[in-house]
Amino acid sequence: MKPVDFDANVLTPHMARILEARDMTAQERFFRLQLPRPLNHRPGQFVMASIPGIGEAPISISCGPRDDDQLELLVRNTGSLTRTMHQLQAGDAMGIRGPFGSGFELTEFEGHDVIFVAGGLGLAPLRSLIEPVVGDPQRFGRATLISGCRTPADELYREQMQAWAKLPNTRIIRLVNDTAHLPWNGEVGLVTAPIAKLEMDVPNTLAVLCGPPVMYKFVIMALAARGLPSAQIFIDLERRMRCGIGKCGHCQINHVTCCQEGPVFRFSDLESLPEALT
Ligand SMILES: Cc1cc2nc3c(=O)[nH]c(=O)nc-3n(C[C@H](O)[C@H](O)[C@H](O)COP(=O)(O)OP(=O)(O)OC[C@H]3O[C@@H](n4cnc5c(N)ncnc54)[C@H](O)[C@@H]3O)c2cc1C
């Protein structure tokens, strides 16, 4: 994966118009934006999203590559910026810089079976890769998504997962930790549980993980127990990022600038950086 080229206006946000804004859960709000020009992003890249006078934060692009000038984001309400974003409606605007990060090279996935493991909000960045993979069964192998969240009320992209499950060559395994008395038609347990019994063509399989840091260690152990080498595992790392262009150093792990060289890494490239998974 090589870093993308940036234009000279890389630090200047472009104002994007919100075409659609709706709560997906009590914590997460979905946005569809119209940009002044197509972003031409790769799966796994992120933007710096901002509200003038409030702040700016990295937000993953949650839709697959597209030819038009639209973009989808999913924002969890965690602090001052995202709380303000949750008040935005269709017709309002937010600032967008980017895309940033190396992202995934779709050509590396061609012909391979892909196992996606998403924990909670990790499904948002993974969706940017899931969409092109499940949408082109001639080009990619079998896709398996293992998606876990705390309770049924926290599940993201439910209708979309149900639609993906009907596609050829696609398996969707939805789990919750706790059914919390709500109706639930998926499985109960952690995302590691299905890995042990998953039908897997190991030499031809790539795994892609995104979720809370605690998830990585256990999912990697479960995949390793099935014989999947670390060079066949990709992880999406979340670090505190400010500039997006490898200058400010906030996201640096030793010599690695996460915003430029990541946030997507092959696990084999991180084995000499134990701090990466803390
Ligand atoms: C590459 C990348 C992609 C991201 N994609 C998304 C996304 O798609 N949707 C989304 O909702 N969020 C995403 N985030 C996280 C988002 O950028 C932070 O939650 C951001 O700080 C929110 O800004 P705020 O001002 O609302 O909250 P803040 O006031 O900045 O923070 C709220 C709380 O979160 C903690 N926090 C902030 N950033 C981090 C971090 N990087 N790691 C651990 N704790 C942190 C703070 O300490 C504080 O407790 C992403 C982060 C990165 C690095």
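Numbering (numbering that gives the first Met the number 0), first residue to last: 0 to 277.
No residue lacks a Cβ here, since even glycine has one placed at the ideal position from N, Cα and C.
Since the model is a prediction, treat every value here as computed from it, not as a measurement.
Is the beta carbon of residue i within less than 7 Å of some heavy atom of ligand 1?
i: Ile58; result: yes
i: Ala103; result: The sequence as given places Phe at residue 103; Ala does not occur at that position. No, the Cβ of Phe103 stays beyond 7 Å of every heavy atom of ligand 1.
i: Pro51; result: no
i: Val213; result: no
i: Ala142; result: no
i: Glu274; result: no
i: Pro124; result: yes
i: Gly118; result: no
i: Pro98; result: no
i: Gly256; result: Checking the sequence shown, residue 256 turns out to be Thr, not Gly. Flag unset: Cβ of Thr256 not near ligand 1.
i: Gly54; result: yes
i: Val74; result: yes
i: Leu181; result: no
i: Gly280; result: Lying outside 0 to 277, the shown extent of the chain, residue 280 is not represented and no answer is given.
i: Arg21; result: no
i: Ser79; result: yes
i: Phe115; result: no
i: Pro167; result: no
Let's test the definition: count the other Cβ atoms within 10 Å of the Cβ of residue i and tell me whether it reaches 16, buried, or not, exposed.
i: Pro57; result: buried
i: Phe115; result: buried
i: Thr11; result: exposed
i: Ala89; result: exposed
i: Ala152; result: exposed
i: Lys1; result: Bear in mind that the predicted position of Lys1 carries a pLDDT of just 45, short of 50, making it unreliable; the figure below should be weighed with that in mind. Classification of Lys1: exposed, given that the 10 Å Cβ count is below 16.
i: Ser101; result: buried
i: Ser271; result: exposed
i: Gln137; result: exposed
i: Asp4; result: With a pLDDT of 47 at Asp4, under the threshold of 50, the predicted position of this residue should be treated as unreliable, and no value is reported.
i: Ser79; result: exposed
i: Thr256; result: buried
i: Ala224; result: exposed
i: Arg82; result: exposed
Residue j and residue i - do their beta-carbons sit closer together than 8 Å?
i: Gly185; j: Leu197; result: no
i: Leu166; j: Val201; result: no
i: Pro98; j: Val132; result: no
i: Gly147; j: Val207; result: no
i: Leu87; j: Ala25; result: no
i: Leu70; j: Leu125; result: no
i: Phe103; j: Leu73; result: no
i: Leu236; j: Ala275; result: yes
i: Ile95; j: Ala15; result: yes
i: Phe264; j: Ser229; result: no
i: Ile172; j: Trp163; result: no
With respect to 7 Å, is the separation between the Cβ of residue i and the closest non-hydrogen atom of ligand 2 below this value?
i: Leu18; result: Ligands in the displayed structure: ligand 1; ligand 2 is not one of them.
Worksheet item: Quick one: complete beta strand (DSSP E) runs, 3+ long, within the segment 109-144?
Response: As for any beta strand (DSSP E) of minimum length 3 sitting wholly inside the segment 109-144, the runs are 112-118, ordered along the chain.
Worksheet item: What are the start and end residues of each continuous alpha helix (DSSP H) run of 4 or more residues lying completely inside the segment 195-228, in chain order?
Response: Counting only runs of 4 or more, we get 212-224.
Worksheet entry | Contact the segment 129-149 vs the segment 102-113: 3+ CB pairs below 8 Å | Touching, yes.
Worksheet item: Quick check: the segment 25-42 against the segment 63-74, are there 3 or more CB pairs under 8 Å?
Response: Contact between the segment 25-42 and the segment 63-74 is established, with three or more Cβ pairs separated by less than 8 Å.
Fill in: At least three beta-carbon pairs within less than 8 Å, the segment 205-221 to the segment 119-132
Counting C-beta pairs closer than 8 Å gives three or more between the segment 205-221 and the segment 119-132, which meets the contact rule.
Practice prompt. Can you check the segment 240-264 for any alpha helix (DSSP H) of at least 4 residues that lies completely inside it and give the ranges in chain order?
Written response: Complete alpha helix (DSSP H) runs here, min 4: 257-260.
Practice prompt. Output the residue ranges of the beta strand (DSSP E) runs that lie fully inside the segment 48-72 and measure 3 residues or longer, sorted by chain position.
Written response: Runs found: 54-59.
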